[in-house]
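Numbering (the UniProt record's numbering), first residue to last: 1 to 613.
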């Protein structure tokens with residue numbers, strides 16, 4: 001020992017400092033893992049976050065058994081509430097990279113900023129320096145934590161809200177509220193309405209023209225629809241119609257949805273456009289990290305804008321470390337393909353930070369809001385490409401009511417161009433670059449933000465932003481829908497690279513099968529459908545689902561059929577214009593099912609036939 005000490009004394013000063021630093025780092029790493037394994041903080045919460053090997057070491061075996069039983073009961077109860085069984089907890093690792101390029105290392109993803117830095121100090125609150133995306137694995141993780149907490153959930157603080165300005169939308173709202181009750185949605189149901197007739201009149205103007213025979217047994221007056229709303233315990237609120245001179249009558253009623261921001265009695269609201277089908281419970285959205293607006297992107301619109309961006313190659317240059325001979329590019333894994341990676345980078349890391357924070361502050365209880373903030377700061381961010389190319393889809397969104405936001409929306413609407421609609425106003429107010437500039441300016445000037453929470457959070461379009469038109473697409477057109485939104489610039493670059501190499505036409509999409517063609521998660525209509533929570537009817541030139549489909553040329557051309565459906569195809573043998581034949585028979589079946597199901601529900605719930613155009 002003396003010899004070692006004597007030798008150490010003779011070391012140069014710089015070497016002593018270096019050895020001291022190395023020893024310090026080793027000890028910090030050791031005690032960090034020691035804390036993770038030994039510090040017991042409500043182990044039932046941690047079990048939902050960590051892999052079984054790690055979570056079992058956090059708590060005793062006896063507590064583990066009890067907590068597993070509790071979690072299983074909660075999980076089974078929630079699964080029984082839905083018609084479909086979502087296996088959120090199962091995950092596998094897949095090699096989803098194109099051809100021979102293989103970047104499995106976590107360091108690669110950190111270096112390329114595909115996930116954010118994990119060194120954010122959780123005590124500083126929300127990191128609002130960039131826009132974040134929350135994948136489904138994190139949404140459901142937060143929901144389970146809320147369900148498993150000791151605090152009672154006050155469901156009356158939350159609401160599903162729709163609006164109606166005519167009887168067609170009124171019926172669709174009723175259908176959606178019936179579906180939400182069917183799926184055991186616990187939050188309040190609220191209808192905002194402004195109708196062009198009085199509800200209590202004996203003769204209701206605006207209804208009779210829907211029916212060729214005014215005495216038809218299928219006729220159901222508006223008063224009866226309102227009685228059905230009341231039977232569902234729907235809260236009815238008459239609101240002013242927000243329309244402006246010169247607006248297109250087809251779209252002007254859309255501005256009325258802005259009234260939802262005035263419902264200050266609620267902490268969080270899920271707003272639904274009524275021209276949609278609800279396919280599952282969505283209560284998990286009330287437990288998203290705090291933000292003024294949580295909304296899906298329009299993946300195809302965003303993709304097309306990136307595709308037309310001449311500067312795209314500069315924005316995506318950092319992705320091209322594996323590019324060989326201008327023909328191959330690495331495609332990042334999506335969050336539902338490699339849940340283990342996202343579970344590690346988002347959830348497990350957030351739990352470690354929470355444990356460290358609670359130990360430092362001697363806290364023994366689970367702080368849901370604090371944990372939600374930590375998790376938010378570990379979410380993937382939109383840090384590449386021209387952020388102005390991203391388009392929001394406002395047919396579905398989650399909001400925190402705010403008179404300030406309502407005022408901002410009205411101001412923008414008063415200044416709008418004649419052809420601007422509600423979606424355009426949303427994209428102006430929540431423009432990605434403008435939000436980041438505001439937050440960075442506030443940070444540099446040490447000024448207070450308008451809001452003490454993030455202005456915008458992006459939620460999965462694969463669950464909450466799907467259009468029926470997606471099921472009419474050819475197989476190689478599904479890339480934007482399959483991708484996580486922060487990877488859309490890369491997919492656009494991938495297509496541009498391949499098509500320009502093939503034929504010089506960057507607008508062509510037929511010369512390659514798609515970025516996800518060789519992956520395990522390529523488009524499969526049946527499995528994709530299982531994860532959809534809400535689907536919006538958007539199929540131009542096909543009319544809205546409450547209008548009878550007249551077999552005119554536009555409709556026939558837009559209709560999709562499977563080559564195996566010979567019975568249906570025979571109807572068009574002698575027609576000049578024929579339906580679109582797609583080999584994807586599952587997509588064809590589902591597309592037709594959506595319209596048939598809507599018609600059936602409309603007749604059964606509202607007792608209304610389809611309108612004649």
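For every residue, glycine included, the Cβ atom is placed at its ideal position computed from N, Cα and C.
Since this is a predicted model, take the numbers as computed values, not measurements.
- The C-alpha of residue 386 lies about 28 Å from the C-alpha of residue 343.
- Judged by beta-carbon spacing, residue 398 lies beyond the 9 Å limit of residue 306, meaning their Cβ atoms are not closer than that value.
- Less than 9 Å separates the beta-carbon of residue 172 from that of residue 275.
- In this chain, the beta strand (DSSP E) harbouring residue 188 covers 188-193.
- The beta carbon of residue 528 sits closer than 7 Å to none of the beta carbons in its chain outside the five residues before and after it.
- Straight through space, the alpha carbons of residue 229 and residue 174 are spaced by roughly 7 Å.
- In the structure shown, the three-state DSSP call for residue 537 is coil.
- In this structure, DSSP gives residue 153 a state outside helix and strand, which the three-state scheme calls coil.
- Separation of the CB atoms of residue 562 and residue 585 is rounded to 4 Å, and the pair is thereby assigned contact status at 8 Å.
- The beta carbons of residue 404 and residue 374 sit no closer together than 9 Å.
- Taking a cut-off of 8 Å for Cβ pairs, the segment 151-169 and the segment 471-488 do not touch, as fewer than three such pairs fall below it.
- When DSSP reads this structure, residue 160 sits in a beta bridge with 189 and 270.
- Using a 10 angstroms sphere on the CB of residue 258, the tally of other CB atoms reaches 16 or more, which defines it as buried.
- Sequence-distant partners of residue 588 (beyond 5 residues in either direction) whose C-beta falls short of 8 Å from its own C-beta, in its chain, are 471, 560, 561, 562, 565 and 582.
- Secondary structure at residue 542: strand, using DSSP grouped into helix, strand and coil.
- Residue burial is scored here from C-beta neighbours: residue 20 has fewer than 16 other C-beta atoms within 10 angstroms and is therefore classed as exposed.
- Counting C-beta atoms within 10 angstroms of its own C-beta, residue 165 has 16 or more neighbours from the protein chains shown and is therefore classed as buried.
- Apart from sequence neighbours up to five positions away, the residues of its chain that approach residue 138 with a beta-carbon distance below 8 Å are 342, 346, 347, 375 and 379, ordered along the chain.
- For a cut-off of 8 Å, the C-beta gap from residue 466 to residue 556 is around 24 Å, too long to register as a contact.
- Less than 9 Å divides the Cβ of residue 537 from the Cβ of residue 598.
- A direct Cα-Cα distance of roughly 15 Å separates residue 152 from residue 284.
- Taking the C-beta atoms as reference points, residue 262 is found no nearer than 9 Å to residue 193.
- Residue pairing from DSSP places residue 561 in a beta bridge opposite 581.
- Selection 22, 526 and 183 evaluated against residue 279 yields 183 as nearest (Cα-Cα).
- A Cβ-Cβ separation of about 19 Å leaves residue 569 out of contact with residue 525 under the 8 Å criterion.
- When DSSP reads this structure, residue 381 sits in a beta bridge with 132.
- Looking at the DSSP output, residue 466 bridges to 535.
- At the C-beta level, residue 461 and residue 522 stay beyond 9 Å of one another.
- Pairing residue 578 with residue 542, the inter-Cα distance amounts to about 15 Å.
- Sixteen is the threshold: since fewer than 16 other Cβ atoms of the shown chains lie within 10 Å of the Cβ of residue 359, the residue is exposed.
- For residue 294, the enclosing beta strand (DSSP E) stretches over residues 293-295.
- In this structure, the beta-carbon distance from residue 392 to residue 426 falls below 9 Å.
- Counting only residues of its own chain and dropping the five nearest sequence neighbours on each side, residue 334 has a CB closer than 6 Å to the CB of 484.
- Residue range 235-238 is occupied by the beta strand (DSSP E) that includes residue 237.
- Nearest to residue 558 by C-alpha distance, out of 469, 492, 602 and 430, is 469.
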